[in-house]
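Accompanying notes for the structure given below.
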Amino acid sequence: MPTDFESQVPDYQARVNDALARWLAHPERTPTQLGAAMRYAVLGSGKRIRPLLCYATAELLGCDPARVDAIAVAIEFVHAYSLIHDDLPSMDDDDLRRGQPTTHRAFDEATAILAGDALQALAFQVLIDDPLLTTHHADQQANLVGLLARAAGPNGMVGGQVLDLAAEGRSLSAEELEDLHQRKTGRLIEAAVMMPAALFPHRSESDTTQLQVFANHIGLAFQIRDDILEVEEDTATLGKSADSDAANAKSTYPSVLGLEQAKCRADELYQGAIAALDQLGSTGSGLRWLCEYIVQRHH
Numbered sequence: 002m003p004t005d006f007e008s009q010v011p012d013y014q015a016r017v018n019d020a021l022a023r024w025l026a027h028p029e030r031t032p033t034q035l036g037a038a039m040r041y042a043v044l045g046s047g048k049r050i051r052p053l054l055c056y057a058t059a060e061l062l063g064c065d066p067a068r069v070d071a072i073a074v075a076i077e078f079v080h081a082y083s084l085i086h087d088d089l090p091s092m093d094d095d096d097l098r099r100g101q102p103t104t105h106r107a108f109d110e111a112t113a114i115l116a117g118d119a120l121q122a123l124a125f126q127v128l129i130d131d132p133l134l135t136t137h138h139a140d141q142q143a144n145l146v147g148l149l150a151r152a153a154g155p156n157g158m159v160g161g162q163v164l165d166l167a168a169e170g171r172s173l174s175a176e177e178l179e180d181l182h183q184r185k186t187g188r189l190i191e192a193a194v195m196m197p198a199a200l201f202p203h204r205s206e207s208d209t210t211q212l213q214v215f216a217n218h219i220g221l222a223f224q225i226r227d228d229i230l231e232v233e234e235d236t237a238t239l240g241k242s243a244d245s246d247a248a249n250a251k252s253t254y255p256s257v258l259g260l261e262q263a264k265c266r267a268d269e270l271y272q273g274a275i276a277a278l279d280q281l282g283s284t285g286s287g288l289r290w291l292c293e294y295i296v297q298r299h300h
């Protein structure tokens, strides 16, 4: 039987898709080619894992999902921008994303770069302009902007991408690989949990710590599962090239630890994430379901 949260997943996905489309619907102010590329990159068949984490965290906190719509949108815009740039010829040089041509293949390389730039800027505009967020204290809004900036910036996702590129063609230690992926993938997933939590600044320090532990564990588990899928699944199932990492001579968890040890590490992180949720009581069913989904998914 599906859990309550699982049964709501299609509604949450539809909710964030509608919100994403609204923020992208400015044809009179955005050059036609740029707007088309932005919509192409965002409004495809993504699973919306990061927005779902936002809504699951809102459920845990007893928060109206409307209050986190803008957070979910902003994080998904940053995620979409990162995928556009990650696929570029100067990065991973991939031709497929979510079963469709990558943005630079569907349009051109310059348009793809600028679409990514525009989505990153629009993410922060959403946090500043959203009516529900602007009704709260300015320091709370500034905190949200800061959390997203740190997750996406030089000590987060972008820094992780630099480390990823620098690591091509050489073997990384397990510690180096973990640092890389905590930055490149984990930080934005952490933000999807910790930004909604920031709407409740008076929550106990202990609860905040446990949420941070959960977010940290599940962010890394997500990337390890991605690495495992590139070994076990084909391009049609993944919706992207199944041999991209091997072609770019990248260190992955299966190549560094071995496939079975990589699976053990993912399970260890899953258990740690669940243990953190256990400390928060029985109200985190949505986060529990997502945690299990992340480590068991097949694409």
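Per the working numbering: the sequence shown ends with 300, consecutive numbering throughout.
Beta carbons are placed, not taken as given, at the ideal position from N, Cα and C, and that holds for glycine.
Residue i versus residue j: straight-line alpha-carbon distance, rounded
| i | j | result |
| --- | --- | --- |
| ARG266 | ALA222 | 8 Å |
| LEU212 | THR58 | 9 Å |
| LYS264 | THR33 | 45 Å |
| PRO90 | GLY157 | 22 Å |
| SER1 | LEU164 | The first residue shown for the chain is 2 and the last is 300, placing residue 1 beyond what the model contains. |
| GLU110 | VAL214 | 38 Å |
| THR1 | ARG99 | Outside the displayed range of the chain (2 to 300) lies residue 1, so it cannot be described from this structure. |
| GLU231 | HIS299 | 10 Å |
| LEU128 | GLN142 | 7 Å |
| ASP94 | ASP118 | 18 Å |
| HIS86 | MET92 | 7 Å |
| MET196 | GLN14 | 19 Å |
| THR284 | VAL74 | 24 Å |
| GLU206 | GLY287 | 22 Å |
| ALA243 | ALA37 | Residue placement at ALA243 cannot be trusted, given a pLDDT of 48 that sits under 50; what the coordinates show is reported in the next sentence. Spanning the two alpha carbons is a distance of roughly 27 Å. |
| TYR294 | ARG49 | 12 Å |
| HIS218 | ILE76 | 19 Å |
| VAL139 | GLU169 | Per the sequence presented here, residue 139 reads as Ala, with Val not at that position. Cα to Cα, ALA139 sits roughly 43 Å from GLU169. |
| ALA22 | HIS182 | 30 Å |
| ILE114 | GLU269 | 37 Å |
| LEU178 | GLU29 | 45 Å |
Collapsed DSSP secondary structure at residue i in the structure displayed
| i | result |
| --- | --- |
| PRO102 | strand |
| ALA243 | Unreliable placement is indicated for ALA243, whose pLDDT of 48 sits below 50; the coordinate value is still reported in the next sentence. In the structure shown, ALA243 sits in coil (DSSP, three-state: anything other than H, G, I, E or B). |
| LEU89 | coil |
| LEU97 | strand |
| GLN14 | helix |
| ASN156 | coil |
| PHE201 | coil |
| THR31 | coil |
| PHE108 | coil |
| HIS299 | coil |
| LYS48 | coil |
| GLU261 | helix |
| CYS55 | helix |
| ALA81 | helix |
| CYS292 | helix |
Expected contact under 8 Å - CB spacing of residue i and residue j to nearest Å
| i | j | result |
| --- | --- | --- |
| TRP290 | PHE6 | 5 Å |
| GLU104 | ALA116 | The sequence as given places Thr at residue 104; Glu does not occur at that position. Sure, about 6 Å apart at Cβ, within 8 Å. |
| GLY161 | LYS185 | 3 Å |
| ARG16 | PRO66 | 7 Å |
| GLY187 | GLN101 | No, GLY187 and GLN101 are not in contact; Cβ-Cβ is about 26 Å, not under 8 Å. |
| LEU260 | ALA199 | In fact, because the Cβ distance is near 38 Å, the residues do not count as touching under 8 Å. |
| ASP70 | ALA20 | 5 Å |
Spatially closest choice to residue i from the options, by CA coordinates
| i | options | result |
| --- | --- | --- |
| LEU123 | ARG49, THR209 and ILE72 | ILE72 |
| ALA152 | ALA192, LEU53 and ALA263 | ALA192 |
| ASP228 | ASP70, SER207, TYR271 and LYS251 | LYS251 |
| ALA274 | ILE190, CYS292 and LEU178 | CYS292 |
| VAL10 | LEU35, LEU25, MET92 and GLU60 | GLU60 |
| VAL257 | THR209, GLU176, PRO132 and ASP94 | GLU176 |
| ARG204 | GLY63, ALA150 and HIS182 | GLY63 |
| ARG51 | LEU181, GLN262, LEU145 and LEU189 | LEU189 |
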